[in-house]
Structure formats: structure tokens, C-alpha cells
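Peer 1:
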Amino acid sequence: MEFPSAPDDVSLLARIANCDQTALSALYDRYARIIYSVAFKSLRSVEESEEVVLDVFAQVWRIADRYDASKGRADSWLFMLARSRILDRLRQIRRHVPALPTANLIAEIQISSSSGDPIEDALISERRDRVLLVLNTLPHEQRLVIELAYYQGLTHSQIASQTGISLGTVKTRIRLGLSKLKIVLDAEK
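Residues in the sequence shown are numbered from 798 upward in steps of one, following this note's numbering.
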């Protein structure tokens, strides 16, 4: 299934894959501001947000040849790169700052990549709200490990290390929590 994408974005990425600096500049001009805004919403730091933008476009320069238009839109691909860089920055910040409340970060790392289709955007927003609502019904222990894994991007081992819970318990809590989420969300369909 091929997703529609602005032909300019796809052709710019193809040109970037061939080391065309003017294409990178054009893509930067088109997306740097919005990526910066998304990063700033999560990081609350001008310097960190600027670094995210630079990291994203440096990565685009290195891996533009890996973009596959048949797998998704170019802007969605860029936003996924940005999300990854933002999570990396959040992890770095957490290493130097005492534990930040997870609940406050959940909404902050939501990247709003508009699909261009208001109905699809509304459905995605509704689905996200439903998941967050159901997530809040889980026992604290299960919710905590799921938030650390999916919203902060920590591995099971990192969660075990950070929380002092055994690795097996972390895996069990995640499995049980996801199972409960699936049951509740499937029942709502």
C-alpha cells in the first residue's frame, strides 16, 4: 500500500541520497521550524531543540537513501527521526537530572504529524486519548513500566536498573499491562 506524499519531499530525499546539498537545504527550510517546535514542546530548551533539529538533518543526510516512499510519507519519516532524537535527548537529560515525573512527559512527546486528512487525524487523536485513559486504569506498577518503556524509550534492563525491580518482574508487568490494555481496547471496538 503506497501512501501519498508531497512529490517534492520524495524527490528532495532522492536528491539528498545523491549528496545534493541544495536539496537538504530545501528540506531543512520546509521542516526545521516544525521539528524545532515539536522538540521544544518536549525539551523546553532552545539549545536542546536546536540540537535535535541539527541531529535530524545530519541523520537525513546520512540515511536519505533508506527512505522508502511505499512505507510511508516523507514528513512522517522525518517526524519519526525527530521523535527518536527527542527521546535520546530526554534520556540524556534524565541521566543528569533527578527523576522527572513520567506522567508529565507523556503528553509532551506526542508528535503531531498531520496526515493531511482531518478525519484520520481525529481518529488518531481519539485512539491516543483512549489508550491514555485505559493506561490510567492499570495498576500503578504495570503503568509505570509501560510508560518507561513506551514513552521514555527505556529497555527492559534500563527499567529494571532505574526502578530496582528485577528484570523478570519488569517483563511480566509489561506483558500483563499490555494484555489488559488489549482486552479493554478490543472490548471498546
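C-beta: ideal position from N, C-alpha, C; glycine also.
For Asp865, does the three-state DSSP call read helix, strand or coil?
Peer 2: One-based indexing of the sequence shown puts residue 865 at position 68. Asp865: coil per DSSP, three-state reduction.
Peer 1: Helix, strand or coil for Arg870 per DSSP?
Peer 2: Reading the sequence shown from its first residue, position 73 is the one you call residue 870. Coil at Arg870, not helix or strand.
Peer 1: Quick check: the Cα distance between Gln959 and Val853, rounded to an integer number of angstroms?
Peer 2: To locate residue 959, count along the sequence shown from 1; it is residue 162. To locate residue 853, count along the sequence shown from 1; it is residue 56. Roughly 28 Å separates the two Cα atoms.
Peer 1: If contacts are defined as beta-carbon pairs under 8 Å, then Val849 and Ala861 qualify, I think. What distance do you get, rounded to the angstrom?
Peer 2: Walking along the sequence shown from the start, residue 849 turns up at place 52. Walking along the sequence shown from the start, residue 861 turns up at place 64. Not quite, the Cβ-Cβ distance comes to about 18 Å (not below 8 Å), so this is no contact.
Peer 1: Could you please give the first and the last residue of the uninterrupted alpha helix (DSSP H) stretch that includes Gln856?
Peer 2: As a working note, residue 856 is residue 59 in the sequence shown. Counting along the chain, the alpha helix (DSSP H) containing Gln856 begins and ends at Val843 to Ile860.
Peer 1: Please give the ranges of any beta strand (DSSP E) in the region 946 to 970, keeping only runs that are unbroken, at least 3 residues long and fully inside the region.
Peer 2: Runs found: none.
Peer 1: Using a Cβ-Cβ cut-off of 6 Å (strictly less than) and excluding sequence neighbours within five positions of Ala803, which residues of its own chain qualify?
Peer 2: As a position in the sequence shown, residue 803 is number 6, starting the count at 1. Since pLDDT at Ala803 reaches only 47, below the 50 mark, its modelled position is unreliable, and no value is offered.
Peer 1: With H, G and I counted as helix, E and B as strand and the rest as coil, what does DSSP make of Asp826?
Peer 2: Residue numbering aside, residue 826 sits at position 29 when the sequence shown is read from its first letter. If DSSP states are grouped into helix, strand and coil, Asp826 belongs with the helices.
Peer 1: Is Ser822 near the ligand COA, in the sense that its beta carbon is under 7 Å from a heavy atom of that ligand?
Peer 2: This structure lacks the ligand COA; in fact it carries no ligand of any kind.
Peer 1: With the cut-off set at 8 Å, would you say Tyr828 and Leu875 are in Cβ contact?
Peer 2: If you number the sequence shown from 1, residue 828 lands on position 31. If you number the sequence shown from 1, residue 875 lands on position 78. Closer than 8 Å, so yes.
Peer 1: Measure the beta-carbon distance from Gly974 to Arg940 and round it to whole angstroms, keeping in mind my assumption that it falls under 8 Å.
Peer 2: Counting from one through the sequence shown, the residue named residue 974 turns up at place 177. Counting from one through the sequence shown, the residue named residue 940 turns up at place 143. Yes, they are in contact, since the Cβ atoms of Gly974 and Arg940 sit about 7 Å apart, within 8 Å.
Peer 1: Alpha carbon to alpha carbon, how far is Gly971 from Leu840?
Peer 2: Counting from one through the sequence shown, the residue named residue 971 turns up at place 174. Counting from one through the sequence shown, the residue named residue 840 turns up at place 43. Here residue 971 turns out to be Ile, not Gly, going by the sequence shown. The alpha-carbon atoms of Ile971 and Leu840 are separated by roughly 26 Å.
Peer 1: Rounded to whole angstroms, what is the Cα-Cα separation between Val807 and Gln949?
Peer 2: Taking the sequence shown and counting its residues from 1, one reaches residue 807 at position 10. Taking the sequence shown and counting its residues from 1, one reaches residue 949 at position 152. Straight-line Cα distance between these residues: approximately 30 Å.
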